[in-house]
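Colleague: In the working numbering, the protein residues as written are 1 to 286.
We put the beta carbon where it would ideally sit given N, CA and C, even for glycine.
So that we are looking at the same thing, I have put the structure below in structure tokens.
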């Protein structure tokens, strides 16, 4: 297993992208660690959708996990926001720190290939329905040869959705799960999922209740679903089951978010049953 680090940032508005890039630069300069940066951009997507007068909605699955509803108009917003706003911000910040960064979406060289969802189960007004006009998919393949080539030349790939579906058209995909797929494809040593809290919280109103370890079941709903943590825990499980060495959920608001996570300032996610390390898992994480 290579000592590759995959870092995911950009979803939560409180995550500081400048600090993330400075920290990645430190890892590259001081430790020569290969790093892949995967990003979302919820704040940029919401802002651009408002400017373009495109309604923003979320779909909540029967297990309580929420995801963005992506109709044709929202898919364009997602692509514009990630490729045109969020990604250039990150590549500029890395360049300013002396790091060669290469910005890619999943469409470039078929980097992220996905299976288009034919229908998505959701709860609407308390009723279970199947939504069939959601342009989203689940990643089935990662072009690791391209990433390996870039890493071997000491570049930092900066990756985001959308992905390319079987019909050659773009589909949205969750950025946390994209990061998990990239990490699994590379057999990465560590996946760091940065968020707007110090980790997984036993009490969502108490940041001191961060759990050192959070167990997720091998299948089925995660122990938390609120505040976007549900998809992070699902992504963490997929990464671990795909061969990633460890997955950390960590605070993206720090000055040194990645190095702090690697040093233990994070919640480590495990699959199965973890020993009791804090208060009972109740409520939702931020």
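What would DSSP say about residue 68, mapped onto helix, strand or coil?
Modeller: Here residue 68 sits in strand by DSSP.
Colleague: Shortest alpha-carbon distance to residue 241 belongs to which of 81, 258, 217, 159?
Modeller: Comparing Cα positions, the closest option is 217.
Colleague: For residue 98, which three-state DSSP category applies?
Modeller: Coil, per DSSP.
Colleague: State the start and end residues of the unbroken alpha helix (DSSP H) segment that holds residue 259.
Modeller: Segment 257–262, the alpha helix (DSSP H) holding residue 259.
Colleague: Note down, one range per segment and in chain order, each beta strand (DSSP E) of at least 3 residues found wholly within the stretch 128–195.
Modeller: Entirely contained in the stretch 128–195, the beta strand (DSSP E) runs reaching 3 residues are, in chain order, 137–142, 156–160, 190–195.
Colleague: Counting C-beta neighbours from all protein chains within 10 Å, is the total for residue 239 16 or more, i.e. buried, or is it exposed?
Modeller: Flag for residue 239 reads buried.
Colleague: Just to confirm the assignment, what range does the alpha helix (DSSP H) spanning residue 109 have?
Modeller: No alpha helix (DSSP H) holds residue 109; DSSP gives it neither H nor E.
Colleague: Using the Cα positions of residue 235 and residue 182, report the straight-line distance between them to the nearest angstrom.
Modeller: Roughly 11 Å separates the two Cα atoms.
Colleague: If we ignore side chains and look at the alpha-carbon of each, how far apart do residue 126 and residue 111 end up?
Modeller: Near 38 Å, if we compare the C-alpha coordinates of residue 111 and residue 126.
Colleague: Would you call the CB atoms of residue 135 and residue 75 closer than 7 Å?
Modeller: The answer is yes: Cβ separation under 7 Å.
Colleague: Helix or strand or just coil, what does DSSP make of residue 52?
Modeller: Residue 52 falls in the coil class under three-state DSSP.
Colleague: Using 8 Å as the threshold, is the stretch 13–31 in touch with the stretch 93–106, meaning 3 or more CB pairs across them?
Modeller: Contact between the stretch 13–31 and the stretch 93–106 is present, because at least three Cβ pairs lie under 8 Å.
Colleague: Looking only at its chain, what residues have a beta carbon closer than 8 Å to the beta carbon of residue 33, apart from the 5 residues adjacent to it on each side?
Modeller: Correct list, in chain order: 3, 4, 5, 27.
Colleague: Taking Cβ to Cβ, would you say residue 105 is nearer than 7 Å to residue 160?
Modeller: Yes, they are a contact pair.
Colleague: What does a CB cutoff of less than 6 Å around residue 165 pick up in its chain, not counting 5 residues either side in sequence?
Modeller: So the qualifying residues of the chain are 114, 116, 137, 171.
Colleague: Does the beta-carbon of residue 149 have 16 or more other beta-carbons within 10 angstroms, so that it is buried, or is it exposed?
Modeller: It is exposed - the Cβ of residue 149 has fewer than 16 other Cβ atoms within 10 Å.
Colleague: How should residue 169 be labelled, buried or exposed, when 16 other C-beta atoms within 10 angstroms of its C-beta is the threshold for buried?
Modeller: Exposed is the call here.
Colleague: With distances taken from CA atoms, which of 103, 212, 89 is nearest residue 20?
Modeller: Ranking the options by Cα distance to residue 20, first place goes to 89.
Colleague: Is it buried or exposed for residue 255, if we count other Cβ within 10 angstroms and need 16 for buried?
Modeller: With fewer than 16 Cβ atoms within 10 Å of its Cβ, residue 255 is classed as exposed.
Colleague: Whose CA, out of 69, 109, 38, lies closest to the CA of residue 87?
Modeller: When only C-alpha atoms are compared, the closest one is 38.
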